[in-house]
Each structure stands twice: as C-alpha cells, then as structure tokens.
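A.B. asks:
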Amino acid sequence: MADYGDDFSVIGKSFPRLEGFEKVTGATRFLADMELPGMLHGKVLRASYPHARIISINTKKAEKLSGVKAVITAEDTPKIPFCIIPRVANKLPLEDKKVRYIGDEIAAVAAETEEIALDALDLIEVDYEELPPVFDPEEALKPGAPLLYEETGTNIAEHFRKEYGDVERGFQEADHILEDRFETSPVTPCCMEPRSCIASFDGSGRLTLIANTQAPFSLRLELSKVIPLPIKKIRIIKLPIGGAFGSRLGMDSIDPICVFLSRKSGRPVKIANTREEEFVTSRYRYRMAIYLKTGVKKDGTIVAREAKVIMDNGAHNYQGYTIMAGLCQKLTFVYKIPHIKFDGHVVYTNNVYGGAFRGYGNPQITFAAESHIDMIAEKLGMDFLDLSLKNIVEPGYETISNCQITSCGLRECMTRAADATGWREKRRKPGRRGIGMASMQHAGGGIKIFFGNINCNYSSAAMKMNEDGSVNLMTGSSDIGQGSDTVLAQIAAEELGIRFEDIRVITADTDLTPMCLGTYGDRVTFIGGLAVQNAARDVKKQLLELASEILEANVGDLESREGRIFVKGSQEKGMSIPELAEFSYFKKGRPILGRGIYDDPISKPDYGTGYGTSPAYSFASQVAEVEVDVETGKVKVLKITSAHDLGRALNPMAVRGQIEGAMAQGIGSALFERLDWVEGRTLNSNFLDYRMLTALDVSAIDPIFIESIDPNGPFGAKGVGEPALVPTAAAIANAIYDAVGVRIKSLPITPDKILAALEEKRLTSEGSENEE
Amino acid sequence: MLNRFEYIRPHTVDEVLSHLGRLSKEAKILAGGTDLFIQIKKKRVSPRYLIDLMGIPELGQIEEKNGEVRIGSGVTLASLERSTLIKGRFGSLWKAVQVIGSPQIRNMGTIGGNLCVETRCKYMDFCHPWGKEISDKCFKRGGAICHVVKGGDRCHAVMAGDLAVVLIALNSKVVMRGQSEKMILLEDFYTGDGEGVTRVNSDELVTQVRIPSLPPHSGTSYLKYRWRESLDFPIVSAAARVLKNPDEGIGQEIRLVLGALASAPIRLKKTEDLLRGKMPRDHIIEEAVQEGMKEIPIVSCSGVPVSYIRKMAQTFAMKALREAYEASH
Amino acid sequence: MKHLIETKINGISYRLEVEPHWTLLELLRDVLRLTGAKDGCGMGECGSCTVIMDGKTIYSCLTLAARADGKEVLTIEGLARGEELDPVQKAFIEHGAFQCGFCTPGMILSGKALLDENPNPTEEEIRKGISGNLCRCTGYNMIVEAIQSASEKRVKRG
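Residue numbers (this note's numbering), protein chains in the order written: chain F, 1 to 772; chain A, 773 to 1101; chain D, 1102 to 1259.
1. Which residue comes first and which comes last in the beta strand (DSSP E) that contains Pro984 (chain A)?
2. Phe566 (chain F) CB to nearest chain A CB: under 8 Å?
3. Are the segment 458 to 467 of chain F and the segment 584 to 594 of chain F in contact at 8 Å, needing three or more beta carbon pairs?
4. With 16 as the cutoff for other CB atoms within 10 Å, does Glu75 (chain F) come out buried or exposed?
5. Starting from the Cα of Asp96 (chain F), find the closest Cα among F:Phe217, F:Glu760, F:Val126 and F:Arg220 and give me that residue.
6. Shorter than 8 Å from the beta carbon of Leu1003 (chain A) to some beta carbon of chain D?
7. Quick one: what's got a C-beta closer than 6 Å to Pro714 (chain F)'s C-beta in the same chain, skipping five residues either side?
8. Quick check: the Cα distance between Leu249 (chain F) and Glu905 (chain A), rounded to an integer number of angstroms?
9. Can you tell me which residues form a DSSP beta bridge with Ser1074 (chain A)?
10. Quick check on this structure: which residue in A:Val871, A:Ala799 and A:Pro987 has the alpha carbon closest to the alpha carbon of Pro1018 (chain A)?
11. Cβ-heavy atom distance between Ile11 (chain F) and the ligand PLP below 7 Å?
12. Using a Cβ-Cβ cutoff of less than 7 Å, which residues in the same chain neighbour Ile55 (chain F) once the five nearest sequence positions on both sides are dropped?
13. Going along chain D in order, which residues have a C-beta closer than 7 Å to the C-beta of Thr806 (chain A)?
14. If you draw a straight line from the alpha carbon of Phe586 (chain F) to that of Ser576 (chain F), how long is it in whole angstroms?
15. According to DSSP, is Asn886 (chain A) helix, strand or coil?
16. Is it the case that the segment 509 to 528 of chain F contacts the segment 473 to 483 of chain F, given that we only count it when at least three CB pairs across the two stretches are under 8 Å?
17. Nearest chain D C-beta to Glu778 (chain A) closer than 8 Å, yes or no?
18. For Gln622 (chain F), does the three-state DSSP call read helix, strand or coil?
19. By the 7 Å beta-carbon criterion, what residues does the segment 891 to 903 of chain A contribute toward chain F?
20. If I follow the unbroken beta strand (DSSP E) through Asp485 (chain F), where does it start and stop?
21. State yes or no: is the C-beta of Ser1232 (chain D) within less than 8 Å of the C-beta of Ser874 (chain A)?
22. Is the beta carbon of Asp1140 (chain D) closer than 8 Å to that of Leu1125 (chain D)?
23. Using the DSSP secondary-structure output, state which residues sit across from Phe182 (chain F) in a beta bridge.
24. With 8 Å set as the bound, which would you pick, yes or no: does the beta-carbon of Ser1149 (chain D) sit closer than that to a beta-carbon of chain A?
25. With a 10 Å radius around its C-beta and 16 neighbouring C-beta atoms as the bar for buried, classify Ala2 (chain F) as buried or exposed.
26. Using a Cβ cut-off of 8 Å (strictly closer), state whether Lys800 (chain A) contacts chain E.
27. For the candidate residues F:Ala756, F:Ser768 and F:Leu747, whose alpha-carbon lies nearest to that of Pro785 (chain F)?
28. Could you spell out the range, first to last residue, of the alpha helix (DSSP H) harbouring Phe1193 (chain D)?
29. Please compile the residues from chain F whose C-beta is within a distance smaller than 8 Å of the C-beta of Pro906 (chain A).
30. Output the boundary residues of the beta strand (DSSP E) element that contains Glu1173 (chain D).
31. When you compare the CB of Met773 (chain A) with every CB in chain F, is at least one pair closer than 8 Å?
32. Since Ser1232 (chain D) meets chain A, which of its residues come closer than 8 Å, beta carbon to beta carbon?
33. Over the uninterrupted alpha helix (DSSP H) stretch that includes Met880 (chain A), give me the two end residues.
34. If you reduce the DSSP assignment to three classes, tell me which class Ser14 (chain F) lands in.
35. Answer with buried or exposed for Tyr286 (chain F), where buried requires no fewer than 16 other C-beta atoms within 10 angstroms of its C-beta.
36. Taking only three categories from DSSP, how would you classify Ser1114 (chain D)?
Pasting the structure below:
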C-alpha cells in the first residue's frame, strides 16, 4: 500500500483548468465551430412513423437539386448493424426494411449549404406501410403485442436473472416484508452542444472522423466494423466537447452516415443535430418499472431483497443489457444483504433507444432501494440513519456479487452528512419542512466491460520531456468537460516533480495518443491517472539516473519536486529539471521519453453480461432538506448536503464542480425532468418544455469530502463524476415524506403528483375518522 | 434558419401602414423578434416581407395623458421594468414584466409583441422537415384535427402571455391603426380561437396600450404560477383589480382575469358579480371563485393534468383577489 | 436583396452586406468567424448565443443581422484586452465557474452586463441576471460566486 503523506506540491490543490484562458475568451474550438475546406453539410432523413415497413425510397428528385453532392440510403452501405455490445447489434446506420421509432434514420444528403440539404430531404419520397406500434414495455410483454423484431418472436430483448443466496429462506426469516412498485421517466442529458461530426478522407482513402466522443478508440473499433475499414485506415479526433454525460459513449448513426456521405461525395461532410433532433434522438436514461421486495428483521437487519425490473429498451439494442446487469450488481451495494434475487426484462418498444447517462442505472435502482429503506425504517419505528448504519458495508467487504470493496468511507459519509444538517433535531418534526437521506455506492475506477471480444479496464500514456524541461503528456482518455486533462496533469506533475504549468496535455486522438478505453464509469482519474503516473515514473527514473551521474549521488538519495532534482535533505545540492533536460538533449545526446500502462488487475470480468466489477468503489450520502407548499404541491429544495468518499480530492475545485453539477441534474430528474413521449413523439423537444434547471431553480449545495485514501488509486483518489446524482431523487422523496407524509414512487415528483397524494391522504384519513 | 424574406425598415407608423396595406398577408411585423422568429423557425409562418418596427419614435413612448398612461407598442419589456412611472402607478404590471422570459427576452421583447404572442401547444411542432407529416395534421398547422381536444372543431392552443392578463384586469384599451384608427377594450382584443388569436387584421398595427389611472381605494395583483422560476410560461396566471369602499370595506368593483387556461385570457365575470357589494371574507371569495370556475373550459396543451390546472386556477384566482383586496386602501 | 449595414463589433467598424434573413448569430459565426457565441438551440431558450448590443444582452439567434446597423456589438472575443482578461473572465477561471465551456461565453457576457448595470448585486440579483443562460455542467452556484467575486474586484478597481 502506498504511503502518501500529505506533503504534496500539486495534488490536493485547486489548480485552475489548463484550458481556462481559451474557454473564457471564446477561443476554444468546439466541433460546432470547425470547418474544413470544401466541407459539405449533411442532413439526415428520419422516420416519421413509430413502426412501419419501408416499401420504397425514391431519391431521384433530391439528387437532381442543384448543390446536392450525395444522397444515400441503406443501399449505399454494407448494412452492418452496430452496438457497443456487438453480439446484440440490431441497429443499422440507415434502416432498409423497417423503421421502429420516430427518428429512425433512413436516408441522408450532403449539400453545399444546410439550406439546400434540408430542401433535398424534403424531396425524398418514402413509401411506408404503417404497422401497429407499442409504446409501453409492460404492454409490449403481453401476448399479441406488436413485435418489433418478428423473427425473434418476442419483444424481450434480454431476460437477465440472477440469485445470490436463497431469497425464499431470507423472506421466511424476515419479520416484515415490503413490496412496492417504483417508476422512473426517461431523462435526457441536455448537452449544451448538440451532437455532430465531421468526416473526411485523404487521397489514400484514409478516414479522419472528428467526433463528439467519450471513447475515441471504442468509436474507431465500431466504425471499422460498420463501414467497414481497417483500423489503420481510421483516425478519430475528439475536440473539446460541449457536454457528454454518457450520451456520447458509443457510436451514433450520424457517425457512419457522415462517413458514407463523405466517401460518396468525395468531400468532407459535417452533420450536426439541431436542438430538436438532439432531444428526439440523443441517448438518454432508460425508464424502468421496478418491483422491489425487501425483507427485514424486527431488529433492523435487512435479510432479503428481490427486484423485478421492466426496462424500456426502446427500438434497438444499445446499452440496455449491460445497464440491466449493472442494476443487479447495484442491488447488492451499500448494505450487507445475504439473499438477493433479480429478474430483469429488457423490452423493445417503438420509442427511441436509450443509452448511458451519468449513473448507468444506479439513479433508478437507488431511488427504489433507498425509498424502501426509509419506508422500512418507519415500519420498524427506527430512524433511517440508524437502520442504514446497522446494515452498511465497510472497508474490505466483498459483496455477494463479488465486488471487492477496498477503501470505504460510507459510515463517515452518513454521519458527517447527518451532523452537518442537524438530522436528529429536524427529523419527523411537524410543519411543511422535511429532511431525508439516501446513500449510494458506485464504480470508482471504471468497470471491466466489453471492448471487442474481451472484458477489460486499462489505459496507457506516453510522456515526452522537451528540451526545456517541459512535458507533453499524451493519453487516449477524453476530457468531456469534467476537467480530466487538468487532473491528469496534476498527477503527472506531482509524480514527476515538475511544475503544473510546465505540462501540456494532448488527449483523445487515435493517431497521436496511446490507447485508453474512454471516459465512463468514473474511470479516468483512477485508471487513466494510474497510467499517467506510471509514465511519469518512467520519465522520472531516467531523470534521476542522469542526475545521479551529474550530482554524484545515489538514485535512492535523490528527490524530484517543483522542477528540481536534489539530494534529500540538502536542497541546494541539486539542479533544475530544465537544466537536466537541456543537458540530456544537447550534451548527453539522449531524448527523454516515457510510457505507462495500467491494466487493472483487481476487478473481475463477467463474460456473460460484459459488466464486471470495479477496482474501487465510491460512496456518498446525501441529505435533502425541503419545504412543500401544500396548496400547490410544489417542492422547494432548501439545501442538499452531499458527503462523498472520493478517496482523495486531487483538485478540490474540480471535485466540487462535479458534485454540484451532478446534483443539479439529480434535482432535475427528481422533480422536473421527463421526456414527454406520446405515441412515440417527443413532445417537449426544446428547452422551454423540457424543464432543465435554471440558475433560479437550483438550491444551496453543501459538498463534504471524505478522504478514505484508496490503497490503489492514484495518490489515493477514486472517481467522483457520477455519484452525486445517484441518491438525490431518493433523498428528496424521503424528505417529502418527512415533510407532509406522502410517498411518491414515480419520477419526476411533480407538484400535481404531490397534490393528488395529499388529497388522497386527506380523504383516507377522513374516511377512517368517519368509520370511527 | 429563417426562411428568405425581404426586409423593410420604415421610420414612421404611416410608412409601416403603407407597407402593410400594400403587402398585407405576405408581410409580418417585426417587433422584438422573440416570438416571430420562433414562429418562422418552427415553420408555422413563412412571411415574404418583414417590416421592422425598431426605433420608430411614436411607438417607443410612455406618457400620461387624459388620466391614462399610454405605452407605445414598441416599448421594450426592459424599459417597462426600468420605468419609475410604471412601478409607481401599476405595481401589478411592473411585477408581471419582471417574470417574463429572461433578461435577454426582456431586453428584446415589446409590450405589443407580448400582447400578440402566439398560442402554445406541445403538439404543434415536430422536427422539420421529416416530422412535418406528424405535426401538419392539426388545425394550427393547416390541418383539420386537434390532438388535445379529440374530435374538436377548432384549434385549442393556449394563450399564455403575461401582459394580456394583467392589462385586462387594469381595464386597458388597445389602439390599432390601419385604414382607420380603432380603440377597443383589451378584453375584446382576443378571439378565443387558438388560430387567429387577436383581432388585428393583416393591414393593421397595434400602436398603443392605454391604461386608465387606478381609481382611489383600489388594489391590484398579478400572480404567475409555474414550476421553474425562469423561462417558463405560466401553468396559470391570475390578475385582479379591486375597488374597495373605504368606509364599509366591501368590494365595489372587481375585475378578475385568468391566463394560460384557454386560447384567450378569461375574465371570471360570475365571480366578480358574486363579490360585488360583499365583504371580502375568505369563504366568500372561495365560493365566488368556485362558482365562477364552474363553466370555465380548461384545456391542457402542456402535459400538466387538466384537473391540476383547474385546482391551481382556483387557488391562484383566490390568492390574486386576496392580494388585491389587501393592497386596496 | 442584400442590405448594407454599418456596425461596430468589438470596437471595430464594419461595413457589411447582409442577407435580410441572416441572424446576427449567423453573421458573427459564419461570416466574421467569431465563433464564441454558440448555436445551442436557435430558439432563444438556452442563452449560449448571448451577445451584448448597445449595452444590453440579447439572444443573437433571434436577432436579425440587419438590426446591428448603427449599433455596437460586444462578443466574448472583445472582452479581454489582449492578454488582460476582464474581471469576470478572471473570476470564472479562479472560481471554477465553467466545465465544458460551451455556455461560458454567453454566461460571462450576461454576468458582465449585470455588473455594468448593477455593480453591487445580491445573490438573488445575480441568479436573475443569468436566468436566461442554461448550464448543464456546473449547477450554477460556482458561477454565482464568480460573478460575486468579480463585482467585489471591480468595485476595488474603481
């Protein structure tokens, strides 16, 4: 186990973003701002029926329109389906036989201007044979429901079952059993930059795709299969992205469509979603119905948990299955529960298909699970905090799902959050105010998941020192706005002993940067950071060896810090790293180059589901304080206190930004946000009708850092990007119950639901009064 | 992207009218642009000419004349927000302006534009061009059905603009100029239809809003209920103007207007009648509002349940009345 | 028919021929290559196209290019003086008030316009001042702190 101490020069300090000057002056070039010479504008023709056979597509008129340089349909493609999990791929970049949701891609145009491209789309004639659609996954399971994939004979995309222990026995041991249905709505990431890409081929037929991607190497792999093109013929470049949150993890149809258009027209092509298209077609958080059964003994020991989940997969396979497998794993989290059973159906419907969105299933299952804990606590006459503390996991514990917990600050998260908010004094007090708590556990260092045919979790980095002692750090991880480039630079600077200002970070270009699997599962700080640390160690070794020659000291007696290498204990006996670099390049004749690989040896793969374990787990407890207006049902969130075990805060300002940003999303999906689907149409495809929080809607947020110092993470750090929105809905739901005694089990908890519940409560209590 | 049009920059109202008379249905008036350009971008309208009102002096004045405050239709919402005259004389109007849209919208938008804001309905739009097959079926889009009122015979899109509600409560009038000059009560300005929302003809221009001074011993209120604290149109809005008899404390004249429930603001005349001559006790207000709401048809074009909107309409009608009564001395 | 306009953008005078249907956002981004203002929604809802015209923030996606005639426009590119950042820009960096950076140009301009009109705003006034700019990354509180800090620094500078 590494002994870190606390004497850091770079780690733990709130360095401002590397790219700060460019971002505040508008100099940052997003994909939206990029143009290539001769570039054409691409537009996609999408299905206007939720379920229909394509009888014919006539593109002749469109092709003739002046300014149009290419029109394509599925016939111009090899019709290879794609999916981040290849074995279940059933989405074609352009559909040929059938459309299965409003927005399904069927044709595309590249033209000199956006205006011409839109006019050309208008000229494409499509003949459909409408088919009966099905929109509700529980309806889709019924016999006789319209089938999206007739050849499979079912609307069940995947049925995932798992049992740990013996739930029957567990429930027999229970003194109380609660059974409830919880429901969540589809929630969309609302990235401020709509998704786009630019494809171009060079003279030798080599493709460069500039894409909004969280995982350039994964995208390259997917494209290589679908175009198809050998990997060596593809370069993926990721520019600064205006938000991703998981929705840009895998390939979207517009990526290969753009490539096909570019190839056919012989020119670079850009496709950019309009904001409406973004709302309609973006990957989003899957909606679920969760039937949860929890058994508990009268002393508060949780003995058994059973969940049946019906997940609306949407029309095509994407990440539904891994999220379902992840849900099962998460059910075994936070508490030590010996008997757990999981039964999950991933169901096709004629809605747009979902994907990863910050939390990866954890927000939905935690809403159900932590609401249930609150309900159980009430049943037992125990306080939520006491019930939780009695059952929580601890450092060193291995869950029944084989997730090995190393560092764990969950107990401290709960108690600190409770202390900071005056939990005991405020709980169960009369009035309209309430306080509620919820906790969570999440991957803190990535997960062993599918990549190609293997399950893995690795990253790599290269480092070159320039002649002046500054460093170029190259790694494949994607900074999607969360500031990972800055944190990786801090790790490199600390390990190497140079100043933060002397590092330049180059990331996410498959030609220039070494492989990293991508940004997801809170892995970049941990896995990416460890790879960078290894690269820095490699370079430091070379520097120390050279310095030992010059200073005539043993390598073991030398230290590197803040741009100097010196003998430990005698600072003045040393030399600056710039001097050393100059010496190496111009006198010794030796370039300084390092490499680092980190292949996570700790987590375990799951070859069946593709969703393995993590090398570290992050924990958090949130306490929400609310006030309910009983006339309108409106909930005002007064404050959310969020205690996070993140191992170590490498950059406190960046960590705070991640926590607060995630919580604003959490409050949004708890109280306001929902994609309004009616018969396959997304009715609120704009920022006025989709209620993302404004500056006047967000509440006070008090983040607390718990540093459990992970034994394996870089300088003890774990991930923190996703946790903060995971328990928010449950904390707020529990606070609402504390305030006014109504339990809302469906998200978002809008005022009309609260008012209806208050009315029902009033009638029920009047009714029972009358009976008396 | 906007459609292609010709752009005309007249300098006087007469010039505007001359263009309107000539171009009529092919032209649209450009005030702040915060509503018109959305109509154009969503392909609801495609005018061939845009007549820009910006900077026309006659439309940008706020003045007092003959016991009225007269506001030119081109006065921006931000100017109204900054006007000490408006703040001092019509607190409810001042309050209403502040909660419209966002700072940028208020800098750009005008009072005339807000009064003529288009009706809203979630079903009206869908991704152009491939989605127009879906959206073009409804009345507002030139089709023949209504998605909200199944089997309905007209468009039921909702008029949710803030200023109409508060200005009707203040008994305002609106001046229109075309071939001649007309002045009508603002409450008669709206047709009640989701299409063709106002009575402005295609060769006419709204030039001015006139608000009569508040009679002595009157109080006003404006309440906007929405779920987010910015950007959102209201789920329901309510405005009241109450004249109280100072000696007896009874309501002498009551005006109560609700917005965002239908294709035009609704005056609850029944409620007003029931309250006239009575002491404004809570249970009297409640009964009067309940009675007045009985026949009010409410449509939900936003996805919020109708039963909830109805409850909120009642709640906020009562609150608006109570606030207006309290404000009257 | 193109219109000739005379406008001052970031202190530089321009004589430009603009198509009547061009928005100011299109003029800035596509013609003048000032890409700081972003097309986040095109409907005046997200605020990422915010620029300052004659001292007031506007949504440039809902403003005709022709309307810039005779006016002064300030975009994010015009805020810094060479390497010397405006206090609001500096505060955004120091207080971590941005993450992905897409909403940032519009957000900074809204903050600046607010402080120009109200040099000593309360927290509520700051929130109201940026209530027309959406941010998905930060949760807004660090932005509010940055603008608060900038207001204090501006007062000191006098």
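No residue lacks a Cβ here, since even glycine has one placed at the ideal position from N, Cα and C. Remember, predicted model here, so these are calculated numbers, not experimental data.
C.D. replies: Considering the structure as presented:
1. Sequence index remark: in the second sequence, residue 984 (chain A) carries index 212 (1-based). Leu977 to Pro984 is the extent of the beta strand (DSSP E) around Pro984 (chain A).
2. Position 566 of the first sequence, counted from the first residue, corresponds to residue 566 (chain F). It does not; no Cβ of chain A falls within 8 Å.
3. Touching, yes, given that three or more Cβ pairs across the two stretches are closer than 8 Å.
4. Here residue 75 (chain F) is taken as the residue at index 75 of the first sequence, counted from 1. With fewer than 16 other Cβ atoms within 10 Å, it is exposed.
5. Against the first sequence, residue 96 (chain F) aligns to sequence position 96. Taking Asp96 (chain F) as reference, the option from F:Phe217, F:Glu760, F:Val126 and F:Arg220 with the minimal CA-CA separation is F:Val126.
6. Within the second sequence, residue 1003 (chain A) is the residue found at index 231, counting from 1. With 8 Å as the cut-off, Leu1003 (chain A) counts as an interface residue toward chain D.
7. Position 714 of the first sequence, counted from the first residue, corresponds to residue 714 (chain F). Scanning its chain for C-beta atoms nearer than 6 Å, with the 5 sequence neighbours on each side dropped, one finds around Pro714 (chain F) the residues Ile491, Gly529, Leu530 and Gln533, in chain order.
8. Counting from 1 along the first sequence, the entry for residue 249 (chain F) is found at position 249. Counting from 1 along the second sequence, the entry for residue 905 (chain A) is found at position 133. Each residue's alpha carbon lies about 32 Å from the other.
9. The residue given as residue 1074 (chain A) occupies position 302 in the second sequence. In DSSP, Ser1074 (chain A) forms no bridge with anything.
10. Residue mapping note: residue 1018 (chain A) aligns to position 246 of the second sequence, counting from 1. Ranking A:Val871, A:Ala799 and A:Pro987 by Cα distance to Pro1018 (chain A) puts A:Pro987 first.
11. Inclusion of the ligand PLP in the displayed structure is not the case, the ligand content being empty and no account of it being possible.
12. Taking the first residue of the first sequence as position 1, residue 55 (chain F) is located at position 55. The beta carbon of Ile55 (chain F) sits closer than 7 Å to those of Asp127, Tyr128 and Glu129, all from its chain and outside the five residues before and after it, given in chain order.
13. By one-based count along the second sequence, residue 806 (chain A) stands at place 34. The contacting residues are Gly1145 and Leu1163.
14. Within the first sequence, the letter at position 586 stands for residue 586 (chain F). Within the first sequence, the letter at position 576 stands for residue 576 (chain F). Roughly 15 Å separates the two Cα atoms.
15. Position 114 of the second sequence, counted from the start, is the residue given in the question as residue 886 (chain A). In the structure shown, Asn886 (chain A) falls within a helical segment according to DSSP collapsed to helix, strand and coil.
16. Yes, they touch.
17. For this step, residue 778 (chain A) is matched to residue 6 along the second sequence. Yes, contact with chain D.
18. Stepping through the first sequence from its first residue, residue 622 (chain F) is reached at position 622. Three-state result, Gln622 (chain F): strand.
19. For the segment 891 to 903 of chain A, which is checked against every Cβ of chain F, the residues closer than 7 Å are Lys894, Tyr895, Phe898, Cys899, Pro901, Trp902 and Gly903.
20. For the purposes of this step, residue 485 (chain F) is taken as the residue at position 485 of the first sequence. Unbroken run through Asp485 (chain F) is the alpha helix (DSSP H), Ser484 to Leu496; no beta strand (DSSP E).
21. Taking the third sequence and counting its residues from 1, one reaches residue 1232 (chain D) at position 131. Taking the second sequence and counting its residues from 1, one reaches residue 874 (chain A) at position 102. It is a contact, given that the beta carbons lie within the stated cut-off.
22. Indexing the third sequence from 1 puts residue 1125 (chain D) at position 24. Indexing the third sequence from 1 puts residue 1140 (chain D) at position 39. No, the pair does not count as a contact, with Cβ atoms beyond the cut-off.
23. Translated into positions along the first sequence, residue 182 (chain F) becomes position 182. BP columns for Phe182 (chain F) point to F:Ile290.
24. Start at 1 with the first residue of the third sequence, and residue 1149 (chain D) comes out as number 48. It does not: the Cβ of Ser1149 (chain D) has no partner Cβ on chain A nearer than 8 Å.
25. The residue given as residue 2 (chain F) occupies position 2 in the first sequence. Residue placement at Ala2 (chain F) cannot be trusted, given a pLDDT of 47 that sits under 50; what the coordinates show is reported in the next sentence. By the neighbour-count rule (16 or more Cβ atoms within 10 Å), Ala2 (chain F) is not buried but exposed.
26. Looking at the structure shown, chain E is missing, and the protein chains on hand are F, A and D.
27. Residue 785 (chain F) is absent from the structure shown; chain F starts at 1 and stops at 772.
28. Numbered from 1 along the third sequence, position 92 holds the residue referred to as residue 1193 (chain D). Membership of Phe1193 (chain D) in the alpha helix (DSSP H) is indicated by the continuous run Pro1188 to Glu1195.
29. Position 134 of the second sequence, counting from 1, holds the residue named residue 906 (chain A). Here residue 906 (chain A) is Ile; the residue named in the question, Pro, does not match the sequence. Against chain F, a Cβ distance below 8 Å from Ile906 (chain A) picks out Ser48, Ile102 and Arg681.
30. Against the third sequence, residue 1173 (chain D) aligns to sequence position 72. From DSSP, the beta strand (DSSP E) with Glu1173 (chain D) extends over Glu1173 to Leu1175.
31. The residue you call residue 773 (chain A) lines up with position 1 of the second sequence. Yes, because at least one Cβ of chain F sits closer than 8 Å to the Cβ of Met773 (chain A).
32. Along the third sequence, read from residue 1 onward, the residue named residue 1232 (chain D) stands at position 131. Residues of chain A whose Cβ lies closer than 8 Å to the Cβ of Ser1232 (chain D) are, in chain order, Ser874, Pro875, Glu1001, Ser1002 and Leu1003.
33. Taking the first residue of the second sequence as position 1, residue 880 (chain A) is located at position 108. Under the DSSP assignment, Met880 (chain A) falls in the alpha helix (DSSP H) whose first and last residues are Pro875 to Met880.
34. Position 14 of the first sequence, counting from 1, holds the residue named residue 14 (chain F). The answer is coil: DSSP assigns Ser14 (chain F) none of H, G, I, E or B.
35. Translated into positions along the first sequence, residue 286 (chain F) becomes position 286. Label assigned to Tyr286 (chain F): buried.
36. Here residue 1114 (chain D) refers to the residue found at position 13 of the third sequence. It is a strand residue.
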